[in-house]
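Heads up: the protein sequence lines correspond to chains C and S, in order.
Counting from 211, one number per residue, gives the positions in the first sequence under this note's numbering.
Counting from 2, one number per residue, gives the positions in the second sequence under this note's numbering.
Every residue gets a Cβ at the ideal spot worked out from N, C-alpha and C, and that includes glycine.
Please read these numbers as outputs of a predicted model, since none were measured by experiment.
Beneath this line is the structure, given in structure tokens, with notes to follow.
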Amino acid sequence: CNSSHPKDEL
Amino acid sequence: MNIFRLIGDMSHLLAIVLLLLKMWKTRSCAGISGKSQILFALVFATRYLDLFTAFISAYNSTMKLFFISTSLVTVYLMYFKFRATYDANHDTFRLEFLVVPVGGLAFLVNHNFSPLEILWTFSIYLESVAILPQLFMMSKTGEAETITSHYLFALGSYRALYILNWVFRYYFEGFFDLIAVVAGCVQTILYCDFFYLYITKVLKGKKLSLPA
């Protein structure tokens with residue numbers, strides 16, 4: 211899972 | 002950024018603009034659930050806190066600021082400026098029945114037990130069910146104005162397009178976020194009944210009325 215911040219999706 | 006995400010974001014943007022235009026032009030928020038709008042404002046306020054901790058792109062920051070500010074403007078218009086037209090008698094969904102369980106779930110099921118991550122998870126879970134007060138209100142009144150139907154269609158399409166984006170990203174980038182995917186699917190499923198009515202009625206020029 212790509213779970214860490216920051217999130218690139220809105 | 003892929004085409005599904007871009008169209009999804011544009012659809013989300015269109016939904017918000019449609020809602021604001023409807024309220025501004027008719028000077029009324031009749032038929033709109035203020036409770037759903039409060040939830041959306043809460044969704045954006047808890048999800049985009051990383052605006053202060055990280056910079057991703059000008060597009061990303063601009064959209065986040067747009068979503069936060071327009072959701073606050075929407076709540077302001079409903080509860081202050083056009084309050085007299087707000088249909089509170091039909092907007093009776095109990096918000097605590099959504100916020101409390103969703104908050105508990107965000108604490109229990111998250112990627113990382115940190116404040117920012119828990120708030121992001123809370124936001125993702127809350128968004129998936131935030132439309133329920135609006136759907137509940139429509140089931141009570143049995144109808145929706147055509148412009149409200151367009152708003153809901155654009156709003157529902159956005160997450161459906163994100164699902165295609167996640168399929169694309171899984172195959173081409175190896176990106177997979179289980180929490181976002183499950184919540185996004187739940188969110189889209191909640192709209193399915195509405196999508197069916199929209200396609201069979203509104204697109205054929207009829208007003209959206211619900212079967213009794």
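For the alpha helix (DSSP H) assignment, the uninterrupted runs of no fewer than 4 residues enclosed by the region 27-105 of chain S are, from N- to C-terminal side, 35-48 and 59-77. In the three-state reduction of the DSSP assignment, SER12 of chain S falls in the helix class, which pools H, G and I. Taking a beta-carbon distance threshold of 8 Å, ILE57 of chain S counts as an interface residue toward chain C.
At the C-beta level, VAL44 of chain S and LEU127 of chain S come within 8 Å of one another.
Under the Cβ criterion of 8 Å, THR54 of chain S is counted among the residues facing chain C. Shown here, SER210 of chain S sits in a strand according to DSSP, grouped into three states. When the Cα atoms are used, LEU109 of chain S and GLY185 of chain S turn out to be separated by approximately 19 Å. Secondary structure within the region 102-143 of chain S: the alpha helix (DSSP H) runs of 4 or more consecutive residues, fully enclosed, are 116-130 and 133-142 (chain order). Inter-segment contact for the region 84-94 of chain S and the region 160-176 of chain S is absent: fewer than three beta-carbon pairs are separated by less than 8 Å. The C-beta of LYS65 of chain S comes closer than 8 Å to at least one C-beta of chain C. With distances taken between CA atoms, ALA46 of chain S lies nearest to S:VAL74 out of S:VAL74, S:ARG28 and S:SER140.
Taking a Cβ-Cβ threshold of 7 Å, the residues of chain C close to ASP10 of chain S are LEU220, in chain order. Straight through space, the alpha carbons of ARG95 of chain S and GLU146 of chain S are spaced by roughly 23 Å. The way I'd put it, the region 33-42 of chain S does touch the region 129-144 of chain S; three or more beta-carbon pairs between them come closer than 8 Å. Separation of the CB atoms of LEU120 of chain S and LEU50 of chain S is rounded to 6 Å, and the pair is thereby assigned contact status at 8 Å. Under the 8 Å criterion on CB atoms, GLU118 of chain S is classed as interfacial with respect to chain C.
A direct Cα-to-Cα measurement between ARG48 of chain S and ASN113 of chain S gives close to 15 Å.
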